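Trainee: When we follow the numbering used here, the leftmost residue of the sequence shown carries the number 1182, and every step to the right adds one. Positions of the beta carbon are idealized from the N, C-alpha and C atoms, including for glycine. None of the values given here were measured: they were computed from a predicted structure.
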Amino acid sequence: MRITRRKVLIGVPAVLIGLPVLLILIYGVVPVPVTPLMLMRDAPMDKDWVSIEEIAPALQRAVIVSEDQRFCTHRGIDWTEMSKVLDELQETGAASRGASTITMQVVKNLYLWPARSRIRKVIEIPMAVMMDFLLSKRRILELYLNIAEWGDGIYGAEAAARRHFNVSAKDLTRNQAARLVAVLPNPLERNPANPDASTRGRADKIAGDLYRAPADLWGCL
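1) Let me know the alpha helix (DSSP H) ranges lying completely inside the region 1354 to 1400, each 4 residues or longer, listed in chain order.
2) Spell out a yes or no on whether the region 1248 to 1266 and the region 1373 to 1384 are touching, meaning 3 or more CB-CB pairs, one atom from each, closer than 8 angstroms.
3) Which class does ASP1352 belong to by DSSP, given the choice of helix, strand or coil?
4) Given a cut-off of 9 angstroms, decide if MET1308 and ILE1233 are closer than it, judged by their beta-carbon atoms.
5) By DSSP's criteria, ILE1335 is part of a beta bridge. Which residues make up the other side?
6) Return the chain-ordered ranges of every alpha helix (DSSP H) run that is complete within the region 1250 to 1310 and spans a minimum of 4 residues.
7) Sorted by chain position, which residues of the same chain lie with C-beta nearer than 6 angstroms to GLU1323's C-beta, five sequence neighbours on each side aside?
8) Starting from GLU1234, trace the alpha helix (DSSP H) in both directions and tell me its first and last residue.
9) Hey, GLU1235 and ALA1350 are a contact pair by Cβ (cut 8 angstroms); roughly how many whole angstroms apart?
10) Which word fits ILE1387, buried or exposed, when buried means at least 16 other C-beta atoms lie within 10 angstroms of its C-beta?
11) Give every residue of the same chain whose Cβ lies closer than 7 angstroms to the Cβ of ILE1335, excluding the five residues on either side of it in the sequence, and list them in chain order.
12) Across which residues does DSSP place GLU1330 in a beta bridge pair?
13) If I follow the unbroken alpha helix (DSSP H) through PRO1217, where does it start and stop?
14) Would you mind stating whether TYR1325 and PRO1201 have Cβ atoms separated by less than 9 angstroms?
15) Throw me the rounded Cβ distance for the LEU1361 and TRP1331 pair, which I believe falls under 8 angstroms.
16) With a 10 Å radius around its C-beta and 16 neighbouring C-beta atoms as the bar for buried, classify LEU1122 as buried or exposed.
17) Determine the DSSP secondary structure at VAL1202, reduced to helix, strand or coil.
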């Protein structure tokens, strides 16, 4: 069968646009069986998918307060934070923080690889915009809380709550939720059940921020 240039010009963009949309829509309705990170770890996995209704509001809100305070208002990308990071890069040559939103982290964890690279960001940004357009904020947070890594082979809020605090995710207290979120930058090195001074300080800050935060931070849920 002859493949014309016109077919290629139409077909390639259609695949590049259609495949990400299809992948996002699939996980918009079904639980995630495995992620690239889980496969890369090549270790026994403890994970148990639960609906967002079975996850304590304290944990949902702690993630938003700590990771992405504009989650309910941005469209997948927090351009305000992105601009600050780019300005810092331009001025100092390095960034002291990232600008990844919860949506961007879900895209990375579901479809991409964990190592930082410009190529990954080029893919991640448009996919995050598409995900925000196609899925509800509630579903995006549900995905995040079910695939986040919370220790060696521990994935998702339910497994994390059971392994670290011997409770279900729906019964987590505010302080337990804050400790879980406090280890997210480095869950393999930090233990929420037995935190070091740095992790404890970070958890205390998250708990305090959670107490003081206005309800509209999570109004989209």
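Mentor: Reading from the atomic positions:
1) 1355 to 1363, 1378 to 1393
2) no
3) helix
4) no
5) ASP1227
6) 1260 to 1273, 1283 to 1292
7) ILE1233
8) Here GLU1234 belongs to no alpha helix (DSSP H), and DSSP marks it neither H nor E.
9) 6 angstroms
10) buried
11) ASP1227, ALA1341, ARG1344
12) TYR1336
13) 1217 to 1222
14) no
15) 6 angstroms
16) With the chain covering 1182 to 1402 only, the question about residue 1122 has no answer from this structure.
17) helix
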